[in-house]
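Notes for the one structure printed next.
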Amino acid sequence: LYLSFTAKLLNPSLFVLSKALDEKGEKKILQIGANRVVNPYKLSGLKIAQGLIRPTLVDFMDLIIRRRELSLYMDEFVVSKKAKIKDKSIVECDLRKKANVIVVAIKKPGEDIVFNPLPETKIESGDTLLVMGDTQSIDLFQVNYLSPEKG
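Residue numbers for the sequence shown follow our numbering, so the first one is 22 and each next one is one higher.
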C-alpha cells in the first residue's frame, strides 16, 4: 500500500499494479491511485471455477498466454500517431488477409474494451489493439503496420 502511494506521488502518470489479499484492500489501493489491483486468491478461485465449467477453454487460454513457441499467440499494441493503420477501419486494413492476424478486441482511451469489433471500427491513435496470430505474423504486424508511414 505504502509503495503504491509513494510511487504515484513521485510520478502521477506511472502505471501502478498492486496486490491485495481481500476486497477491502483492493478498494483502498484503488483509492490511493493504483491503476490495477490483483487479488491472487480471487484469481485462483475464478480460475478453478472456470476450469471446472470450461476446461478446454481454460487450457486453450493457458497455452496462448504462457507458451511463446506455439503457433498461436496474443499480444496488445497501442496505436501511435504515426502508425500506418491509424485512421483506417479494420476492414480497410484487411489484417486477417494481409498480415495473418485477427483483431480480437479494441480499447479506445477512456472506454471499455470491445471484443470482436465490427469491421467498420476505425483504428485511431491511442487505441489498444488485442491481436491474435502466429508469433511471426504478430512480429511482422508490429513492424509493417504499427511503425510510422514511410515517405
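Don't be surprised by glycine CBs; every beta carbon is placed ideally from N, CA and C. The model shown is predicted, which means the values in this text are computed figures rather than measured ones.
Test item: CB-CB of Met95 and Leu151 under 8 Å: yes
Check for me: the beta strand (DSSP E) holding Phe136 runs from which residue to which? Ile134 to Phe136
Cβ neighbour criterion (16 or more within 10 Å) applied to Gly154: Counting Cβ neighbours within 10 Å, Gly154 comes out buried, since at least 16 surround it.
For Val79, which of helix, strand or coil comes out of DSSP? Of the three classes helix, strand and coil, the one that applies to Val79 here is helix, per DSSP.
Check this for me: beta carbons of Thr156 and Val99, under 8 Å apart or not? Contact flag unset, no.
Option nearest Thr142 by Cα separation, candidates Ala55, Ile53 and Asp115: Asp115
With a cut-off of 8 Å on the beta carbons, I'd call Lys107 and Ser146 a contact; round off their distance for me. 5 Å
Assuming Pro61 contacts Lys45 under a Cβ cut-off of 8 Å, what Cβ separation, rounded to an integer in Å, is found between them? The pair is not a contact, with the Cβ atoms about 15 Å apart (cut-off 8 Å).
Is Phe162 buried or exposed, if buried means 16 or more other CB atoms sit within 10 Å of its CB? buried
Span separating the alpha-carbon of Leu24 from that of Val79: 33 Å
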